Every structure is written in structure tokens, then in C-alpha cells.
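As numbered in our numbering, residues 132 to 381 make up the sequence shown, in order.
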Amino acid sequence: EYACEILFHASKVIYISPDLKQQAFDRLFKTKRNVSDISSYEIKSNVIPNGVDEYWLDNVYKNKVGSSRLPIKMIQVSRLEKRKNVDVTVDSVYILQQKGINTHLTIVGDGTQRDYIKKLVRKRNLEDNVTMTGFISDKQRLLELYRTSDIFIMPSKGETFGISYIEAMTQGLPVVGLKGTGVSGYFSHNEVGIFVKESDPQLVAEAILTINQLYEGMSNNCLMKSAVFKWDAIIDKYLIIYNDINNSKR
């Protein structure tokens, strides 16, 4: 209740994604507030994304070859924690392999589920299909991994933004994520990839195959849409809001 009062008395409220804004509205107005409350809150609510590091936009990769060849090369860059659902990604690889579709997954990151993921890879007999690099801080090395991959996957729950999606998009990689979280609200259906309705290996596997069929258009869209996440443009939006507040108090 105290947090709600802070939001209602704020001059402006900024959300980093459309989904976070919707979640906030759902919680704020599920009980007591009336229509006028909703209208006044909507007016002062703004959605402004986080920006991607300039390195990625300075090194946009426009020479992506369509992913019609095999194996389909996928990459997940994330912490190895339960909510990141790396096991879901591994199981989607298993499903595709069982169907005779050759794939390879590179997992970049470290965390509490490292040993669990390693055991899962062995259990699924995917040692030749999954590479775990550990955490990588070198942007150049990560850039090379993106450029030698076809699809970025991170079906994580509770993702507030997920800057890795945007990094991958600057390299022409369509993405697979979870609908209603992270950056999903910034894009239309099948525009830059597929955001599945739940973290289910079968749904992720199906998304991978669909992307593979629609690859060229999605890849080109990724390059165009990633430019929206440039810090200079985002800072300008914040300055406009700041000046509006400042001017209203004079």
C-alpha cells in the first residue's frame, strides 16, 4: 500500500518494458481504484527501455546467412539459475535431436545450476550437442559466439528486461523468450523471433523450427529493431520528461 501511494503521488512513472507497466497496472487497480485513478495514472506513465552497450550497436552484423542449413546453432547467454530455465533450453535440443534435427547449443554463463545442467546434458546424451563455456566477460569473444550462432534462446521467468536479447539482435539473431516478460512487449508477433506462452521444452523446440523457416525476415527485423535501444535516444526521452516536470513546477 505504501508503494502504491508513492506511485500515485509521483509526477511521472517510468517502466522499462510494456509488460512491467501492465503488471503494475494489474496490481494497482485490481481492487480499490476507480476509472479516474486509472486515467490519471496512465497519463503520467511512460515506457522507456534500457539501452544496450554502444559496443554492440557499433558492431552490428549485417552479413548473417540464412539458417536453413544444419546444424541449427543456438546460444543462451545468462546466469545458470533456476529462473533462467537453461534446462528447458537443453531439453528442447533433446527433443529436436530425437526428431533427427541436428542442433548445437552454446551455453554462456555460470551459476548455482552449473552442475545440474552438466548432469542433464550427460543424461540426455548431448555431450556432442551442447557446449558450456562458463562466464565470458570479453565482449569480442562473446561477439564471435553470437556471430557463429543462428538463434538466441532465453525462456526465463520473471525477466525484467534481458539486455542479452538485444545484444543478440544486433548480430542478426532471432530470439526465443517467454511472453509477458523481458522485452517481449516491444515487438509484435513473430517480428524478431518467438515469445512462447510458457517455459516448455516442446514449445521452445517448435519455436526454433518456426524461426528456422522464417529466418531471413526475422533476422533483418532484429537488426532494424535493435537500433531503438541506443542510449543517446533513451537519454533524450528522460530529458524530455525531466524538463516537463521542471516546467510544470514553475
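Backbone N, C-alpha and C define an ideal beta-carbon position, used for all residues, glycine too.
Small disclaimer: the values here were computed from a predicted structure and weren't measured.
Exposed or buried, what is residue i when buried is set at 16 or more other beta-carbons lying within 10 Å of its beta-carbon?
{"i": "M355", "result": "exposed"}
{"i": "T243", "result": "exposed"}
{"i": "A358", "result": "exposed"}
{"i": "S198", "result": "With a pLDDT of only 47 at S198, under the threshold of 50, the placement of this residue in the model should not be trusted, and no figure is reported."}
{"i": "I137", "result": "exposed"}
{"i": "N343", "result": "buried"}
{"i": "T220", "result": "buried"}
{"i": "L248", "result": "In the sequence on display, residue 248 carries Ile and not Leu. So I248 counts as buried."}
{"i": "D375", "result": "exposed"}
{"i": "S223", "result": "buried"}
{"i": "A141", "result": "exposed"}
{"i": "S379", "result": "exposed"}
{"i": "N352", "result": "buried"}
{"i": "A364", "result": "exposed"}
{"i": "G348", "result": "exposed"}
{"i": "F318", "result": "buried"}
{"i": "E185", "result": "exposed"}
{"i": "G289", "result": "exposed"}
{"i": "P180", "result": "buried"}
{"i": "I203", "result": "buried"}
{"i": "I169", "result": "exposed"}
{"i": "K195", "result": "buried"}
For the alpha helix (DSSP H) that contains residue i, what are its first and last residues?
{"i": "L274", "result": "270-278"}
{"i": "K380", "result": "Unbroken run through K380: none, as it is neither H nor E."}
{"i": "S295", "result": "294-301"}
{"i": "L188", "result": "185-189"}
{"i": "A155", "result": "149-159"}
{"i": "K249", "result": "245-254"}
Given a cut-off of 9 Å, decide if residue j and residue i are closer than it, judged by their beta-carbon atoms.
{"i": "S315", "j": "K215", "result": "no"}
{"i": "Y296", "j": "G313", "result": "yes"}
{"i": "L276", "j": "W187", "result": "no"}
{"i": "L236", "j": "Q207", "result": "yes"}
{"i": "G182", "j": "W362", "result": "yes"}
{"i": "A336", "j": "L227", "result": "yes"}
{"i": "S128", "j": "P305", "result": "What the structure shows of the chain is the stretch from 132 to 381, and residue 128 is not part of that stretch, so it cannot be assessed."}
{"i": "I339", "j": "T234", "result": "yes"}
{"i": "L251", "j": "D218", "result": "yes"}
{"i": "Y225", "j": "R255", "result": "yes"}
{"i": "R210", "j": "D241", "result": "yes"}
Over what stretch of residues does the beta strand (DSSP E) that includes residue i continue unbroken?
{"i": "Y146", "result": "144-146"}
{"i": "I284", "result": "282-284"}
{"i": "G238", "result": "In the sequence on display, residue 238 carries Ile and not Gly. That run of the beta strand (DSSP E) goes 234-239."}
{"i": "N177", "result": "176-178"}
{"i": "G265", "result": "261-265"}
Does the ligand NAD have even one heavy atom less than 8 Å from the beta-carbon of residue i?
{"i": "Y186", "result": "Only the bare structure without any ligand can be found here, which leaves the ligand NAD out of the picture."}
Validate contact between the stretch 313-331 and the stretch 362-375 using beta carbons, cut 8 Å, 3 pairs: Three or more beta-carbon pairs separated by less than 8 Å are not found between the stretch 313-331 and the stretch 362-375, which leaves the two stretches without contact.
The stretch 263-282 contacting the stretch 170-181, beta-carbon criterion three pairs below 8 Å: For the pair of segments examined, the stretch 263-282 was found not to touch the stretch 170-181: the number of CB pairs separated by less than 8 Å stays below three.
Cβ contact check for the stretch 327-339 and the stretch 294-302: 3 or more pairs under 8 Å: Output reads no: the stretch 294-302 does not touch the stretch 327-339.
Ranges of the beta strand (DSSP E) found wholly within the stretch 304-364, counting only runs of at least 3: Under the rule that a run must span 3 or more residues, the beta strand (DSSP E) segments found entirely inside the stretch 304-364 read 306-309, 324-327.
Given 8 Å, three or more beta-carbon pairs between the stretch 149-161 and the stretch 253-268: For the pair of segments examined, the stretch 149-161 was found not to touch the stretch 253-268: the number of CB pairs separated by less than 8 Å stays below three.
Start-end ranges of the beta strand (DSSP E) lying completely within the stretch 199-224, minimum 3 residues: If we require 3 residues or more, the beta strand (DSSP E) runs fully inside the stretch 199-224 come out as 203-208.
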